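Report on the structure given below.
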Amino acid sequence: PLEIADIFTEYGHLLGKMPLQHHKVIQAIKNCRTSVLGGHSLKCDSCDFNKNAYNSCRNRHCPKCGFTARTRWIEKRTEELFNCQYFHVVFTLPAELRQLMLQNQKLCYDILFKASSETLKEVAANPKNLGAEIGCIGVLHTWAQNLMDHPHIHFIVPGGGLSHDRSKWIKSRKDFFAPVRILSKVFRAKFLDHLESAYDKGKLKFTGS
1 PLEIADIFTE
11 YGHLLGKMPL
21 QHHKVIQAIK
31 NCRTSVLGGH
41 SLKCDSCDFN
51 KNAYNSCRNR
61 HCPKCGFTAR
71 TRWIEKRTEE
81 LFNCQYFHVV
91 FTLPAELRQL
101 MLQNQKLCYD
111 ILFKASSETL
121 KEVAANPKNL
131 GAEIGCIGVL
141 HTWAQNLMDH
151 PHIHFIVPGG
161 GLSHDRSKWI
171 KSRKDFFAPV
181 RILSKVFRAK
191 FLDHLESAYD
201 KGKLKFTGS
């Protein structure tokens with residue numbers, strides 16, 4: 001079957017100039033489970049069957065290596081689930097900020113995570129909404145299904161949380177976790193506040209047009 005490594009080998013030269021870390025990822029995927037990384041020979045004790053087993057690259061972006069790690073991660077998260085309903089909450093950014101995000105990926109992705117998680121916790125803690133201390137799991141996606149740049153975070157949020165004195169469990173409503181307009185307003189304010197703070201400290205880079 002066709003693999004990502006085959007596509008990189010055949011058409012990688014068309015990608016043009018790219019950051020060094022991207023080049024390293026492509027090379028790792030191309031070399032994964034090939035003789036380039038070395039390996040060992042497996043031989044059956046009962047027959048003459050032989051098989052070469054090549055080493056994997058263990059790069060987190062590799063679809064071959066990532067499958068096992070992703071499966072283990074999901075299993076571990078599944079063990080942590082509470083016996084309650086869960087909500088899927090997504091935080092995204094307008095297209096006007098995408099170039100800024102690309103030029104300041106680590107800083108801006110950290111801000112995106114911080115602003116969105118703070119929003120969930122703050123809105124949930126308000127007695128008008130839930131009045132509880134919650135937890136959440138967030139996963140960053142940096143592009144959309146059409147493979148265009150589109151940074152956003154998917155959150156899995158339990159439908160409830162602990163009371164402020166942590167003596168009881170408070171359930172959320174069944175139809176939604178919190179009002180979208182409130183989440184949007186708080187998130188927008190927090191993201192811009194963190195972004196402005198980074199700008200004032202000279203941490204943001206501005207290159208090109």
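Letter by letter, the sequence shown follows residues 1 to 209 in the working numbering. Cβ atoms here follow ideal geometry from the backbone N, Cα and C, with glycine treated the same way. These numbers come from a predicted model, not from an experiment.
* To do: Please name the residue, chosen from 24, 29, 18 and 17, that lies closest to residue 4 on a Cα-to-Cα basis.
  => Considering only alpha carbons, the answer is 29.
* Based on the DSSP output, what are the partners of residue 158 in its beta bridges? -> Paired residue(s): 86.
* Quick one: is residue 158 buried, meaning 16 or more other Cβ sit within 10 Å of its Cβ, or exposed? -> buried
* Asked: So residue 88 and residue 137 are in contact, right, with Cβ under 8 Å, and what is the actual spacing, rounded?
  -> Their Cβ separation, rounded to whole angstroms, is 11 Å, which puts residue 88 and residue 137 out of contact at 8 Å.
* Hey, how far is the Cα of residue 44 from the Cα of residue 204? -> 58 Å
* Asked: Mind checking residue 191: buried by the 16 CB within 10 Å criterion, or exposed?
  -> buried
* Nearest CA to the CA of residue 37: which residue from 20, 153, 49 and 58? -> Cα-wise, what sits closest to residue 37 is 58.
* Would a C-beta distance cut-off of 9 Å place residue 35 and residue 52 closer than the cut-off? -> yes
* Taking the CB atoms as reference points, tell me whether residue 92 and residue 182 lie closer together than 9 Å. => No, these two residues do not count as a Cβ contact at 9 Å.
* Rounded to a whole number of angstroms, what is the C-alpha to C-alpha distance between residue 72 and residue 19? -> 30 Å
* Cα-Cα, which of 187, 102, 33 and 32 is closest to residue 123? -> 187
* Contacts around residue 55, its chain only, beta-carbon distance under 6 Å, and the 5 residues preceding and following it disregarded -> Cβ neighbours of residue 55 beyond the five flanking positions: 37, 38 and 39.
* To do: Given a cut-off of 9 Å, decide if residue 208 and residue 103 are closer than it, judged by their beta-carbon atoms.
  => yes
* Secondary structure of residue 141, DSSP reduced to three states -> strand
* Would you check if the distance between the CB atom of residue 151 and the CB atom of residue 98 is smaller than 9 Å? => yes
* Extent of the continuous alpha helix (DSSP H) to which residue 66 belongs -> Residue 66 -> alpha helix (DSSP H) spans 63 to 79.
* Bounding residues of the alpha helix (DSSP H) (the contiguous stretch that carries residue 29) -> 20 to 31
* To do: Just grab the DSSP bridge partners of residue 152 for me.
  => 92 and 141
* To do: Using DSSP bridges, identify the partner residues of residue 40.
  => 53
* Extent of the continuous alpha helix (DSSP H) run through residue 134 -> It is not in any alpha helix (DSSP H) - residue 134 carries neither H nor E in the DSSP assignment.
* Asked: In the structure shown, what three-state DSSP assignment does residue 171 receive?
  -> strand
* Cut-off 7 Å between Cβ atoms - residues of its own chain near residue 82, not counting five sequence neighbours on either side -> Exclusion of the five residues before and after residue 82 leaves 158 as the residues of its chain whose Cβ lies within less than 7 Å of its Cβ.
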